[in-house]
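Enquirer: What follows is a single structure, and I will ask about it in a moment.
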Amino acid sequence: MSKSPDTPDTQNARTCLVMAALKIFAEKGFEAATTRSICELAGANISAIRYYFGDKAGLYRAAYTEPMCDAPCHSNFETFAKLPLPEALRLFFREFLEPLKKGEELRLAMKLRFREMIEPTGVWQEEIDAEIKPQHEALVLMLKQRFGLAEIDDDLQRLTFSIIGMAVHFYVGQDIVDSIAPHLLATPEDIDILADRLAAYAIAIIDSEAQRRIGA
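Residue 1123 in our numbering is what sits at position 39 of the sequence shown, and the numbering runs on without skipping anything.
In structure tokens:
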């Protein structure tokens, strides 16, 4: 009798395929990676790819998205609007940095994203549209409300990109951080401390921009 897709064994087999695919796609890219090599690494039959993902493209999409998408997300304007600014920023950065707690899995996920930018299949643009733009919009709307602006202006966009950029560096520059101060990302607790510090730095930047606007 065949097992249900929801049984522990089948879920484990699927997870093994996703992780094997993440490693091989990150190393070789979509075109050069073979489904055979992925199945060998996962200890799975080649037919399992069709069963779980439909085809190679479906497996690639799962390997690209799933390792980064299981963290809780409350980063939306409706949530931010209900919170004091320091608390809203703390929530924003804690959620933004949560995937850093995945360690080597996160490194592979970032490597795959760098490769996707060079050899695009379309999933990077989908991620921008579905996740990155809404996250940016939530933050920029919160800052628009904070400053009491009628419209979002260019300086508000610059401010938003700068605040998010502080956290982005710990993804794209993870090897640099590890070379200089590896203890900053050593444990989940260290990453939560980093998120709290970034929230405080963001408050200082926001206050500086507020003073600049008053002076202008």
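Using N, Cα and C, we set each Cβ at its ideal position, and we do this for glycine too.
1) Could you give the residue range of the alpha helix (DSSP H) that holds L1169?
2) In the DSSP assignment, find the alpha helix (DSSP H) that holds M1226 and state where it starts and stops.
3) Cα separation between R1145 and V1207?
4) Just to confirm the assignment: which complete alpha helix (DSSP H) runs, minimum length 4, are found wholly within the stretch 1226 to 1276?
5) Return the first residue and the last residue of the alpha helix (DSSP H) that E1150 is part of.
6) Shortest alpha-carbon distance to K1140 belongs to which of E1188, R1281 and L1106?
7) Kindly indicate which three-state DSSP category E1200 falls into: helix, strand or coil?
8) Would you kindly report the start and end of the unbroken alpha helix (DSSP H) that includes T1163?
9) Measuring straight from C-alpha to C-alpha, what distance separates G1299 and F1161?
10) Taking one C-beta from the stretch 1259 to 1277 and one from the stretch 1196 to 1212 each time, how about it: are there three or more such pairs within less than 8 Å?
11) Just to confirm, is the Cβ distance from Y1255 to L1184 under 9 Å?
12) Would you check if the stretch 1176 to 1183 and the stretch 1232 to 1243 touch, i.e. whether three or more CB-CB distances between them fall below 8 Å?
13) Can you tell me which of the three DSSP states T1118 falls into?
14) Rounding to the nearest angstrom, what Cα-Cα distance links L1223 and I1108 in this structure?
15) If the criterion is Cβ atoms closer than 9 Å, does the pair M1226 and A1172 meet it?
16) Who are the Cβ neighbours of E1200 in its own chain at under 6 Å, not counting the five residues just before and after it?
17) Ignore the nearest five residues each way along the sequence and tell me which others in S1121's own chain have a CB closer than 7 Å to its CB.
Expert: Looking at the coordinates:
1) L1169 to L1181
2) K1217 to F1231
3) 7 Å
4) 1238 to 1256 and 1258 to 1264
5) First-last for E1150: undefined, no H or E at that position.
6) L1106
7) In the three-state reduction of the DSSP assignment, E1200 falls in the helix class, which pools H, G and I.
8) F1161 to A1165
9) Rounded to whole angstroms, G1299 to F1161 spans 28 Å at the Cα level.
10) At 8 Å Cβ cutoff, the stretches do not touch.
11) yes
12) no
13) coil
14) The alpha-carbon atoms of L1223 and I1108 are separated by roughly 35 Å.
15) Taking 9 Å as the cut-off, the beta carbon of M1226 is found closer than this to the beta carbon of A1172.
16) W1208
17) I1108
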